[in-house]
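In the working numbering, the protein residues as written are 7 to 249.
Shown next as structure tokens:
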């Protein structure tokens, strides 16, 4: 695989080429785990059947546990300069809890699409409020990043205007509203794909590009999967030296 080192958020263009065999396997495993999680909270099979499945799952988990990474080691499929996070709980193809959201640019906006399932339930038949908050945080952060303004969440404000139904296609839209030095203000909405103008959740986030010393404190121990110092972690993103 190849990558071009740069500071976080400085190059939204995807210059990272993951191992295709590993990517395919991780994507397939993530999909299978999503199916498992979704089915596990909906199944009504007898208790003995559930217990048997649980025992088999522990055996499979033990196979995966023979080789794992710690929290300071990036996945071989991750690339910080291009914001590729395969195991993101919102957009990662390898994460069983993720919907996962697919983001794209449309003019001055970033648009995401997903469908939440029973594993994301709060009020019966509807999304947990914390789940939609996580969707919003990812949407707003991705919007800032794709504008070349990577930062960490300093503030996230939400207005819940309606319950978000499960098993119903959703559309997320984010836009940069304001920039000043290291600070970026982003607004976003969550709506039904069939009714994109009727906002169910509206949010505003403030993202701040950390100064170099904070990046070093937070991420200085990060290494790539092959043991190298992770690129971009010691430099502030975009205009990180601004006041």
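Built from N, CA and C at the ideal position, the CB exists for glycine as well. Since we're looking at a predicted model, the values are computed, not measured.
> When burial is assigned at 16 or more other CB atoms within 10 Å of the CB, is residue 70 buried or exposed?
Replying inline: The residue you call residue 70 lines up with position 64 of the chain shown. Exposed, because fewer than 16 other Cβ atoms sit within 10 Å of the Cβ of residue 70.
> Three or more C-beta pairs closer than 8 Å, one from the segment 141-155 and one from the segment 197-214: is that the case here?
Replying inline: Flag = yes, the segment 141-155 and the segment 197-214 touch.
>> Alpha carbons only, please: which of 195, 183, 124 is nearest the one belonging to residue 48?
In response: The residue given as residue 48 occupies position 42 in the chain shown. Distances from the CA of residue 48 to each of 195, 183, 124 were compared; the closest alpha carbon is that of 124.
> For residue 166, which residues of its own chain have a beta-carbon under 7 Å away from its beta-carbon, when the five flanking residues on both sides are left out?
Replying inline: Locating residue 166 in the chain shown gives position 160, where the first residue counts as 1. So the qualifying residues of the chain are 135, 207.
> If you drop the 5 nearest sequence neighbours on each side, which residues of the same chain put their C-beta closer than 6 Å to that of residue 168?
Replying inline: For the purposes of this step, residue 168 is taken as residue 162 along the chain shown, with counting starting at 1. 206, listed in sequence order.
> For residue 203, which three-state DSSP category applies?
Replying inline: The residue labelled residue 203 in the question sits at position 197 within the chain shown. Under the three-state reduction of DSSP output, residue 203 falls in the strand class.
> What's the C-alpha gap between residue 131 and residue 176?
Replying inline: On the chain shown, residue 131 is found 125 positions in, with the first residue counted as 1. On the chain shown, residue 176 is found 170 positions in, with the first residue counted as 1. Rounded to whole angstroms, residue 131 to residue 176 spans 15 Å at the Cα level.
>> Taking only three categories from DSSP, how would you classify residue 248?
In response: Working through the chain shown from its first residue, we reach residue 248 at position 242. Confidence at residue 248 is low in this model, with a pLDDT of 33, below 50, so the placement of that residue is unreliable and no value is reported for it.
> With respect to the alpha helix (DSSP H) encompassing residue 138, which residues constitute its N-terminal and C-terminal limits?
Replying inline: Stepping through the chain shown from its first residue, residue 138 is reached at position 132. Annotation: the continuous alpha helix (DSSP H) that includes residue 138 extends over 135-152.
>> To the nearest angstrom, how far is the alpha carbon of residue 40 from that of residue 104?
In response: Here residue 40 refers to the residue found at position 34 when the chain shown is read from its first residue. Here residue 104 refers to the residue found at position 98 when the chain shown is read from its first residue. C-alpha separation (whole angstroms): 8 Å.
> Exposed or buried, what is residue 186 when buried is set at 16 or more other beta-carbons lying within 10 Å of its beta-carbon?
Replying inline: Along the chain shown, one-based indexing puts residue 186 at 180. Residue environment for residue 186: exposed (fewer than 16 other C-beta atoms within 10 angstroms of its C-beta).
> Okay, do the segment 47-64 and the segment 195-205 touch, 3+ Cβ pairs below 8 Å being the bar?
Replying inline: Flag = no, the segment 47-64 and the segment 195-205 do not touch.
> To which residues of the same chain is residue 100 closer than 8 Å at the C-beta, ignoring the five residues directly before and after it?
Replying inline: Here residue 100 is taken as the residue at index 94 of the chain shown, counted from 1. Correct list, in chain order: 32, 33, 35, 36, 81, 83, 92, 93.
>> Tell me the rounded alpha-carbon separation between residue 229 and residue 235.
In response: Translated into the one-based positions of the chain shown, residue 229 becomes position 223. Translated into the one-based positions of the chain shown, residue 235 becomes position 229. Straight-line spacing of the CA atoms in residue 229 and residue 235 works out to 5 Å.
> Beta carbon of residue 118, beta carbon of residue 146: below 8 Å?
Replying inline: By 1-based counting over the chain shown, the position of residue 118 is 112. By 1-based counting over the chain shown, the position of residue 146 is 140. In this structure, residue 146 does not lie closer than 8 Å to residue 118 by Cβ.
> Going by C-alpha distance, which of 178, 64, 225, 87 is nearest residue 209?
Replying inline: Within the chain shown, residue 209 is the residue found at index 203, counting from 1. Ranked by Cα distance from residue 209, the options 178, 64, 225, 87 are led by 178.
> Among 95, 26, 184, 204, which residue has its Cα nearest to the Cα of residue 139?
Replying inline: On the chain shown, position 133 is the one that residue 139 refers to. Closest by alpha carbon: 95.
> So residue 85 packs on residue 22, CB below 8 Å; how close in whole Å?
Replying inline: On the chain shown, residue 85 is found 79 positions in, with the first residue counted as 1. On the chain shown, residue 22 is found 16 positions in, with the first residue counted as 1. Sure, about 4 Å apart at Cβ, within 8 Å.
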